[in-house]
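Reviewing the structure listed below.
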Amino acid sequence: MSMAELPKIELHLHLEGAAPPDFIRRLAGEQKRTLHGVFAEDGSYAYRDFNHFLRVYEEATSVLVGPDHYGRLVTAVCETLAEHGVVYAETFVSPDFCGGGDLAAWRDYLHAMEEAADRAEAALGVTLRGIVTPIRHFGPERSKAPAICAAETAGRFVRGIGLAGDEMQFHPRDFLWAFDCAREAGLHTTAHAGEWGGAKSVRDALEALSPERIGHGVQAIEDLALVDHLAETGTVLECCPGSNVFLGVFPSLPKHPVERLRERGVKVTISTDDPPFFHTTMSREYADLERVFGWDEEIFAEVNRTALAAAFCDEDTRAAVAKKLETT
Ligand code: ADE
Ligand code: ZN
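See the structure below:
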């Protein structure tokens, strides 16, 4: 079976970050808008470093201006997921970008995204669910409206709350109100940590927010006591090796800790983060892990079982996805 055919689960995917550059260019063209400093000469996204990446991301996202655009984005993203054998994905969506935190506007955006996801599921067999994600560098005050949006629309599609953006800004405890608000509505929890802020950032996020999963978390490798704690508590890491290498968190894939973490008993899963920004796909991630660490079908099956067990979907969806993992 080729890497593209292998059934996969992806738990860490930013919706706007998954927008193909051509898709963003087309939307800009339709609105007769010129985007400055977003694209390289070859048409791909261009940025210098992580902070610049966040700014380019927000500039590219600025052409997504209504529910219809988000519906089209979900369709485009699901097509790519299906091409790479992804049968179930969770995507980070931010009311900040979808109506500016206004609940009525968010409901319209959500409706368009859910409709597109349902159509993609029927046509392509890929199931998509959402994790509402306040943006850390927008600050704690601005995390409250997204949390209320999440809590008010918790259901079949909206399954959790996350925390993305620049983890060097603020402290995870500043977002406790948002996490508690979402938790009270029955939502699951994950937070970016340990992508840039070292092992301490993972400890801080765990202590302050008690998330079920950690986005990245890979810098925990600096602190083996923390690694053992992650293993003992069964905390799932949403690892995105290609993203980390492209952004320079680790100098190369052989130096990436995903295999050391796995060998030490940490529950690791594999995702792409913002695939066109990092010139990656799920098939490419798997092919690279096979080449560099010798991961075989058995290891990929184990990683996907881990991801399915940690998925935020309801139990009927989990059972349906399990069948796809077994039979394909
Ligand atoms: N938003 C989009 N991609 C991100 C990443 N890799 N880290 C933090 N925030 C993000
Ligand atoms: Zn991310």
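Each residue of the sequence shown is one higher than the one before, counting from 359 in our numbering. Glycine included, C-beta positions come from ideal geometry on N, C-alpha and C.
8 angstroms contact criterion, which residue i and residue j should meet: CB distance rounded
i: Y403; j: F635; result: 5 angstroms
i: P492; j: A536; result: 6 angstroms
i: F450; j: I489; result: 5 angstroms
i: V435; j: A376; result: 5 angstroms
i: G592; j: D646; result: Their Cβ separation, rounded to whole angstroms, is 26 angstroms, which puts G592 and D646 out of contact at 8 angstroms.
i: D524; j: R494; result: 6 angstroms
i: V421; j: A386; result: 5 angstroms
Pairwise C-alpha distance: residue j and residue i
i: R676; j: G518; result: 15 angstroms
i: P569; j: S559; result: 13 angstroms
i: T547; j: D562; result: 15 angstroms
i: E448; j: A475; result: 11 angstroms
i: E656; j: L364; result: 11 angstroms
i: P530; j: A566; result: 6 angstroms
i: A665; j: R487; result: 14 angstroms
i: L605; j: R465; result: 34 angstroms
i: A512; j: P504; result: 12 angstroms
i: A669; j: L611; result: 26 angstroms
i: D460; j: D631; result: 26 angstroms
i: P609; j: V603; result: 6 angstroms
i: F397; j: P379; result: 8 angstroms
i: M359; j: G443; result: 11 angstroms
i: A362; j: E441; result: 7 angstroms
i: Y467; j: L439; result: 21 angstroms
i: A680; j: L431; result: 26 angstroms
i: E473; j: F528; result: 36 angstroms
i: A522; j: G497; result: 11 angstroms
i: T686; j: T433; result: The pLDDT assigned to T686 is 49, lower than 50, so where the model puts this residue is not dependable, and the model offers no usable value.
i: V650; j: F533; result: 37 angstroms
i: D407; j: E648; result: 28 angstroms
i: E684; j: K366; result: 11 angstroms
i: A462; j: L371; result: 25 angstroms
Run of the beta strand (DSSP E) containing residue i, from where it starts to where it stops
i: F450; result: 444-451
i: A549; result: 546-551
i: L371; result: 366-372
i: I519; result: 516-519
i: R687; result: The requested residue 687 does not occur in the structure, where the chain is confined to residues 359 to 686.
i: V626; result: 625-628
Buried versus exposed call for residue i [16 or more other C-beta atoms within 10 Å across all chains shown]
i: H550; result: buried
i: S641; result: buried
i: H427; result: buried
i: Q389; result: exposed
i: R571; result: buried
i: T392; result: exposed
i: L582; result: exposed
i: E374; result: buried
i: M471; result: buried
i: H637; result: exposed
Where the alpha helix (DSSP H) through residue i begins and ends
i: K502; result: 502-511
i: G387; result: 379-388
i: E570; result: No alpha helix (DSSP H) holds E570; DSSP gives it neither H nor E.
i: V585; result: 582-591
i: E656; result: 655-668
i: G600; result: 599-605
i: A434; result: 425-441
Sequence-distant residues of its chain with Cβ nearer than 7 angstroms to residue i (five each side left out)
i: A589; result: R622, G623, V624
i: G552; result: S559, V560, I572, H574, G575, V576, Q577, A578
i: F658; result: L364, Y644
i: V633; result: Just to set this straight, residue 633 is Pro in the shown sequence, not Val. Closer than 7 angstroms at Cβ, skipping near neighbours: A376, T639.
i: G544; result: A512
i: M526; result: W554, G555
i: V661; result: V626, T627, I628
Beta-carbon proximity list for residue i, same chain, < 6 angstroms, skipping 5 on both sides
i: V626; result: L595, C597, V616, L619, R620
Sequence-distant residues of the same chain with beta carbon closer than 8 angstroms to residue i, five excluded per side
i: H469; result: P425
i: L584; result: A557, V560, R561, A578
i: A509; result: C539, A540, E542, A543, L545
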